[in-house]
Every structure is written in structure tokens, then in C-alpha cells.
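Below: the structure, in C-alpha cells.
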Amino acid sequence: MSKRSIIPGFRLSMGISLFYLSILVLIPLSIIFIKSFELNAAQFWSTVVNPRVLASYRVSFVTALSAALINTVFGLIVAWVLVRYQFPGKKLIDALVDIPFALPTAVAGIALTALYAKNGWIGSLLEPLGIKVAYSPLGIIVALTFIGIPFVVRTVQPVIEDLEKDMEEAAVMLGAYRLRTFFQVILPTLYPALLTGFTLAFARGIGEYGSVVFISGNMPLVTEISPLLIMTKLEQYDYAGATAIAAVMLIVSFVLLLLINVLQWTMNRRMTANS
Amino acid sequence: MKNWSIRQFLLLLALVSVVVLLAACGQGNNNGNELEATNNAVNSSNAEKEHNNEAIKAKDPVKLLNVSYDPTRELYVEFNEAFAKHWKETANQEVTIEQSHGGSGKQGRAVIDGLEADVVTLALGYDIDAIVDAGLIEEDWQSQFELNSSPYTSTIVFLVRKGNPKNILDWNDLIKEGVEVITPNPKTSGGARWNYLAAWGYALQHNNNDEEAAKQYVAELFKHVPVLDTGARGSTTTFVEREIGDVLLAWENEAYLSINELGPDKFDIVYPSLSILAEPPVAIVDKVVDKRSTREVAEAYLQFLYTDEGQTIAGENYYRPTNPAIAEQFSDQFPKLELLQIDEDFGGWKAAQEKHFADGGLFDQIYSPGS
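These protein sequences, in sequence, are chains C and R. So for the first sequence, my numbering puts the first residue at 768; every next one is plus one. So for the second sequence, my numbering puts the first residue at 3; every next one is plus one.
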């Protein structure tokens, strides 16, 4: 408080931010914890470490992680293509990337299931190869990949736009060829944006419910995601149990996101130190 | 500095007032009006409130909301039309009935959370009991209408692919090698609980009431289930549209609907040697009808289900009429079969729920690792 910021309006904007975050995020989230306190410690513990619940955490986190990794690789390629090349229909593809944001997730889930079920267009081709997509963990990954595409593309795209071609040219002139230019010159500058995109896609995947329930088959221990278990508990009028699982997911997700953010800070710092 | 603290104070005040407000809204989840907005079925609550008090005497048009479960869509579309006509003739009042459908448990929860249903027509008494526990319905709801407040009944049958290629004739055929069974999750679907209990009852009967053997049978049965949908309609879609599985355990009316909609050349209905008598109950939501002064019309609405006309509509929509004379007219449609009864064979819903479907109950044990 001793030193005034040069930019005016700090207090007002900070006040608005705090208020906004409180009513939209902090207070609703605290309700989850308050509700889950209806259980005593033993009940809480037995709810959240029940084998089926544990299996659902695993399914949720593993599929969300896989989908986010896939999106990081392919999202980067899409973003690269959209920035660096000119081709007919580019605007259209650019707009297409945002579709998963807009489409109701249930619609996505039903469409993907119809496509990947064993009598669907793609599913019928994969069936003879012994690959089962719909009603298997693979199906969940497909749905979450669909949901997560825009996050990676939209965070990486502006950074690629800002990349100066000179840098690549300099690298080539100094004797680095394509692969090396890509991995040692281009990629390091994209890491922070990629990490952000990855994090957003991952976080979105953990919480996704609407599209997954259609394609997953919902088999306990195998393809049952945590959000579904929460819904199941609610439908049995077990509010406290539902919020207990929600609280655990919240904490785990928060810790993971925090770790990724810390990683990003250190990476940023190293990058600015290097340059 | 002074300026700052005033602003800070105002901010704090605003925050505190919001917290208090939220806490007040959260007090008891019965008055959570904010939930209404999320439910597409309710879009007229303001209009309703206007003629809250003088509704009946002025014979203004009145609206009812019937919160029901998944497979009753077609039944109530037809029934509502008939009742509106009947009410116009007898009471000279326009009535519009809105319907809301979904999994029975989900629907019960919506009512508890503030969805203003005048009547509920759910899959299980258990879901209505949950609304009773929330204080919205009187304890004695099951004696308010005849026959335990169950105007129509149904049962669980097998829907198989045309010609019954896997030769599935009875419950023990479901656990044959290579047979895939489609049923929703009993934890979320009312219909699936009937499926499960019918299977359990069959296994008990064929193993001299040996519970251990019944448990094994049911566990084996669920090993044959490749997809566990959350509701009855979801399972029907999986079986009919996605063409997964060899047999669908379905409500009798749902099985007939699938056949009618997709042509009799694709599916057959198989009646097992033993099934279960499902009595989907109806009730008036006392708190809501008193608040909206709609008790009279709501009672007439449910009572109309018991009239010859209501019973015929039920029969035409493949629900078994309870009126013997009307049931006789539909005897070709509904073969007689041995039916287990929830109260006599399972000790009522509360007991069945606790033993089988509660957390850690028999159903959960089927899906524990290593079993």
C-alpha cells in the first residue's frame, strides 16, 4: 500500500475481480466442502476410497491426460498449418476449430457414439481389426479429445503468429536442419503456450460429463468416470456422498493445475533468463 | 488512505450481503427456485403465480405439471389430451398439462430441489418416499388413491432380435456363453431395479431360496452386460439403434414401443417363465397443490387414470390396466405370467433398496474388484 501503482484503477478493478470471483467461484466451491462436512471423517473416507470410486478417478484422470496429450501434439500441427500456410478453405477450417466450444456436449457424445459404435461408419471398419472404440476407455478418450481441441489450437496459434521467421532462417544458416530447427529453436518458444493449452484441455476433460456418458458404456471399474458417480450418488439422494467425491476431485485437480502452473513459471523464468 | 478504506468497507459489505443471501437461499433445499430455471418443463411459473389464489372460482385456465419417468411419454401425451377434454366438460375449465420425463431418481430429486410438480407419476414408490422425506408429500400418499395409488401396472420382458437367434427363452438363458444382455444401471434407473429384482427372484426360486446362489446368478448376469446406461431409454437406444447385445431387459410397454416404431420384422418379445409385477405409483405433491390451489384438478387428474377411459388409454399404451373389465379387453396383448410382488417377495421397497441397491449393498458387491 505504500507505493501507488502507476496505472490507475487498481483498487476498483481488484475489488470487482474479487467480488466476481467470490460469487461465481469461491462461494459455490465452498458450498461443496460445507455439504461434504455432513459426513463424519470415517464416512467421508470410506466414500472416497471405495474401490469403484478409486477406479473412477483413475479412468477420469488417465483418459483426460491421454486426450490432452493427443491434443497437444495434433493441436500444435493444426495451429501451425493455420498460421503458416495459405490454402483454400483456411478460414473455414479456422472456424471449425471452435465448434467443440459451441456444440452441446451431449450432441457430440451421441454423434461420436453413432459413428464409433460397431454398426457406425468408423466403428464398423475398426470392428474387424478388433478395435473397440465406443463403450471402452478408448471411446472416452475420443470424446475428450474432441472437447479439448480448441483449447490447444487457440492458445498456441497467436504465439506461432508472433514467431519471427528470421529466427528459423538464422538457425538454418547456422547449420541446423529441419528437425533440429524445430526441436531446438521453434518448440522451446512454444512450450509455455503448449503447456497452457494442455492444462486447459486436461482440466476440461476431467470434468466432462455430457459427452462421455453416451460413449463410455458406464461400466463400473472400467469406463465409469467420476462425474458419473457423482450423478449416481445424487440420484440416490446421497448429496453428502456426491459432494465428498466432488471435493476429492476438486482438490486433486487443483493440486495438478497448481503444479503445472509452477512448472510454467519456472519455464518462463528460464526462458527470459536465457534471452 | 481514508478513501480506500471506505471503498474497501463497501466492498466487504457487498460481499457479506451476498454470502448471507446465498446462505438464506440454501437453507433447506426445498425452496431452491433457481433450479426451476434449469428445467425446461417449467417455463410458466410467473404466470401461474398470478392466479394463485383466485384460480378456481374464476375458472381461469389452469396448468398442471406432471413429473414422470422415462417410458411414460407416449402414455401421458394421450392421457393429458383426454383429461383436458374431460375437465372442460365436467368442470368447465381449461387445463393444460405439462410433462417432464427422465430417470425416476433424477425426477424425484428435481421435485425435492424445487421443481414445482403438482403430481408425480414415478417408476417406484421409493422415489416418492424420498419426496415424502423432504416434506412435500403427506406420509399416507399410498392410501390416497385405490390399489396403493398404482392405477396401472407393468412388468419386465425380454426383447430379442428377430427370430431369437440365441434362443433366449428364460432367465437362465441370459447367462449362456456368448449372450450379451442390455440393462440400465439399477443405481440410477428405476426400471433397472425391477429387472434386477426379477432376476434375483428367479434365481432364488430355482435354487431353493439359496441367497448365495442367487447372488452368483446375478453377478454372472451382470458379467454379460457390455453397456450400463443410466436410464431405460438409453438402454433401448443402445439395443435398438446401436445394435449392441442379444437381449434387452425392458419394460413391457417399452418393448412394444420398440417393435411398433421399428417394425415387427426386427424384434421379438419373449415372456420369461417368471417376472415381476411393477406398480408405478402416482401421488399428489401436497405442498405444491396447496400453494398453487390446484388440489382439486390434480386429484381429478390422477383419479381419471382409474376411469374406464383412463384405463383404456393405459392399455393402448401397453400398460396393464388394473380394472379387470378393461384388462379383459387387452388379454390378447398381455399374456398371463407368474409375477413376483415387491411387498410379498421382497419385503417392500425400503427393504429391497437397502439390501440390494444402497451403497455397499449386493449390487455394489457385484462390481467390486476381484469378484
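Backbone N, C-alpha and C define an ideal beta-carbon position, used for all residues, glycine too.
Below 7 Å between beta carbons: does that hold for residue i and residue j?
i	j	result
Ser106(R)	Leu124(R)	yes
Ile328(R)	Phe241(R)	no
Leu341(R)	Ser277(R)	yes
Phe918(C)	Leu967(C)	yes
Val122(R)	Val69(R)	yes
Thr999(C)	Thr963(C)	no
Asn1035(C)	Pro925(C)	no
Asn187(R)	Thr232(R)	yes
Ile916(C)	Pro867(C)	yes
Tyr273(R)	Leu176(R)	no
Ala316(R)	Pro323(R)	yes
Met830(C)	Phe965(C)	In the sequence as displayed, the identity of residue 830(C) is Thr instead of Met. Not a contact, by the Cβ cut-off of 7 Å.
His226(R)	Glu182(R)	yes
Leu171(R)	Asp120(R)	no
Tyr258(R)	Tyr320(R)	yes
Leu279(R)	Thr190(R)	no
Phe913(C)	Ala875(C)	yes
Ala132(R)	Tyr1004(C)	yes
Pro904(C)	Thr990(C)	yes
Val848(C)	Val920(C)	no
Val1015(C)	Leu995(C)	no
Leu230(R)	Asn886(C)	no
Give the DSSP-derived three-state secondary structure of residue i in the structure shown.
i	result
Ser277(R)	strand
Pro867(C)	helix
Pro266(R)	coil
Arg778(C)	helix
Tyr154(R)	strand
Asn82(R)	helix
Glu214(R)	helix
Leu1023(C)	helix
Ser823(C)	helix
Arg921(C)	helix
Arg75(R)	helix
Glu991(C)	coil
Leu791(C)	helix
Val848(C)	helix
Ser978(C)	coil
Val909(C)	helix
Lys65(R)	strand
Pro397(R)	With chain R covering only 3 through 373, there is no way to say anything about residue 397(R).
Asp361(R)	coil
Pro188(R)	coil
Gln101(R)	strand
Glu38(R)	Per-residue confidence for Glu38(R) stands at a pLDDT of 38, beneath the threshold of 50, marking its modelled position as unreliable; no derived number is given.
Pro895(C)	helix
Ala353(R)	helix
Gln1003(C)	coil
Glu56(R)	Confidence at Glu56(R) is low in this model, with a pLDDT of 44, below 50, so its placement is unreliable and the value that follows should be read with caution. Coil at Glu56(R), not helix or strand.
Arg322(R)	strand
Please report the Cβ distance between residue i and residue j, rounded to the nearest whole angstrom; I am assuming they are in contact, meaning their Cβ atoms lie under 8 Å.
i	j	result
Val220(R)	Ala205(R)	6 Å
Ser993(C)	Ser827(C)	4 Å
Pro987(C)	Arg819(C)	5 Å
Glu96(R)	Lys87(R)	Going by Cβ atoms, the distance from Glu96(R) to Lys87(R) rounds to 11 Å, so no, they are not a contact pair.
Val850(C)	Glu928(C)	5 Å
Ser1020(C)	Ile973(C)	6 Å
Asp347(R)	Gly193(R)	That belief does not hold up - the Cβ atoms of Asp347(R) and Gly193(R) are roughly 18 Å apart, past 8 Å.
message: Tell me whether the stretch 308-315 of chain R and the stretch 243-262 of chain R touch, counting them as touching only if at least three CB pairs, one residue from each stretch, are closer than 8 Å.
response: no
task: Check distances from the C-beta atoms of the stretch 819-840 of chain C to those of chain R and list, in chain order, the residues that come in under 8 Å.
output: Arg819, Ala822
task: Mind the definition here: the stretch 352-362 of chain R touches the stretch 195-205 of chain R only if three or more C-beta pairs lie below 8 Å; say whether that holds.
output: yes
query: Which residues, taken in chain order from the stretch 177-209 of chain R, show a beta carbon closer than 7 Å to some beta carbon of chain C?
result: Asn187, Lys189, Thr190
message: Does the contact criterion of 3 or more C-beta pairs under 8 Å hold for the stretch 91-102 of chain R versus the stretch 64-75 of chain R?
response: By the Cβ test, the stretch 91-102 of chain R is in contact with the stretch 64-75 of chain R, since at least three Cβ pairs between them sit closer than 8 Å.
message: For the stretch 984-1000 of chain C, list every residue whose C-beta sits within 7 Å of some C-beta in chain R, in sequence order.
response: Gly984, Asn985, Met986, Pro987, Leu988, Thr999
- prompt: Are the stretch 898-917 of chain C and the stretch 869-888 of chain C touching, with three or more C-beta to C-beta distances below 8 Å?
  reply: yes
task: Note down, in chain order, all residues in the stretch 84-108 of chain R with a beta-carbon under 8 Å from any beta-carbon belonging to chain C.
output: Gly105, Gly107, Lys108
message: I want to know whether the stretch 942-953 of chain C touches the stretch 808-824 of chain C - three or more CB-CB distances under 8 Å.
response: No, the stretch 942-953 of chain C is not in contact with the stretch 808-824 of chain C.
task: Closer than 7 Å, Cβ to Cβ, to anything on chain C: give me those residues from the stretch 130-158 of chain R, in chain order.
output: Ala132
- request: Mind the definition here: the stretch 137-153 of chain R touches the stretch 269-287 of chain R only if three or more C-beta pairs lie below 8 Å; say whether that holds.
  value: yes
field: Segment contact flag, the stretch 1004-1011 of chain C with the stretch 798-807 of chain C, C-beta cutoff 8 Å, min 3 pairs
entry: yes
- prompt: Can you list, in chain order, the residues of the stretch 212-244 of chain R whose Cβ is nearer than 7 Å to any Cβ on chain C?
  reply: Cβ contacts with chain C: Pro228, Val229, Leu230, Asp231, Thr232, Arg244.
- request: Can you give me, in chain order, the residues of the stretch 1005-1036 of chain C that have a beta carbon less than 9 Å from any beta carbon in chain R?
  value: Hits within the stretch, in order: Asp1005, Tyr1006, Gly1008.
task: Give, in chain order, every residue of the stretch 892-903 of chain C whose Cβ lies closer than 9 Å to some Cβ of chain R.
output: Ala901, Tyr902
field: Members of the stretch 872-886 of chain C that neighbour chain R once the beta carbon cut-off is set at 8 Å
entry: Thr880, Ala881, Ala884, Lys885, Asn886
The stretch 154-174 of chain R touching the stretch 258-274 of chain R, judged by at least three CB pairs closer than 8 Å: The stretch 154-174 of chain R is in contact with the stretch 258-274 of chain R.
query: Of the residues that make up the stretch 918-929 of chain C, which ones have a beta carbon closer than 7 Å to any beta carbon in chain R?
result: none
task: Mind checking the stretch 789-813 of chain C against chain R and listing, in chain order, the residues whose C-beta falls within less than 8 Å of any C-beta there?
output: Ser789, Ile790, Ile794, Ile798
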